[in-house]
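Novice:
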Amino acid sequence: MAGRACGSCMMCCKVPHIEEFAKPAGIWCQHAAPGKGCVIYADRPASCRAFYCLWMQDARFGPEWKPDKAKFVVYLQRNGVHLQIGVDPNFPNAWTKTPYIAQIKKWAREGAEHGRFVFVRIGPRMIAVLPDREVDMGRVDPDDDIVVSQRPGPAGMVFDVAVKAAERAAPAG
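Just so you know, the sequence shown maps onto residues 59 to 231 in this note's numbering.
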């Protein structure tokens, strides 16, 4: 978006999983030099080249949403549908603070009606923000699937969430 720049913010080098480097969520990328930038910027992988947080893309995100200020990054998951909030593990409750939590809950309510859900990742831990509650799913690996279902409840539809672990090859032995 015109007028916005990453500047000294490097949260995208810390909070998301980076497949090409087998970098887990929540730790600094081996190529990040905090305060300086990416030391392989010109040769960075495709996933890094394609990544833009929503603060960079959407003017509705005010200055308080800049990732280095908020201590989390808001972006679309790889499926392009669900909203991901990647939180700096050093500030695990940052997303629950004012003004963020009210907006996050609003996204959860409005998105669920259209099959779009909000997930908070704090390192390996994932929390689903559903219209009526938050569900701590514990450790969710990047290849695992998150399945959201709905059922009728006394006050309307109730959403449930479960993790379907990815099939992993058995160790050779």
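Even for Gly, the Cβ is constructed at its ideal location relative to N, Cα and C.
(1) Give me the DSSP bridge partner(s) of residue 141.
(2) Could you give the distance in angstroms between the alpha-carbon of residue 168 and the alpha-carbon of residue 98?
(3) Have a look at residue 159 and residue 66 and give me their C-alpha separation to the nearest angstrom.
(4) In terms of residues, what are the limits of the beta strand (DSSP E) holding residue 215?
(5) List the endpoints of the continuous beta strand (DSSP E) containing residue 207.
(6) Report the residue from 95, 224, 93 and 125 whose alpha carbon sits nearest the alpha carbon of residue 197.
(7) Alpha carbon to alpha carbon, what distance is there between residue 124 and residue 151?
(8) Give the secondary structure of residue 95 by DSSP, where H, G and I count as helix, E and B as strand, and everything else as coil.
(9) Just confirm the distance between the C-beta atoms of residue 147 and residue 185, as a whole number of angstroms; I'd bet it's less than 8 Å.
(10) Is residue 127 helix, strand or coil by DSSP?
(11) Of the residues 61, 89 and 60, which one's Cα is nearest the Cα of residue 70?
(12) Could you tell me the boundaries of the beta strand (DSSP E) in which residue 196 lies?
(13) Give me the Cα-Cα distance between residue 79 and residue 104, rounded to the nearest whole angstrom.
(14) Taking residue 154 as the reference, give the member of 183, 178 and 219 with the closest Cα.
Specialist: Let me spell this out:
(1) 134 and 176
(2) 39 Å
(3) 25 Å
(4) 214-222
(5) 203-211
(6) 224
(7) 16 Å
(8) strand
(9) About 13 Å; that fails the 8 Å criterion.
(10) helix
(11) 89
(12) 192-197
(13) 11 Å
(14) 178
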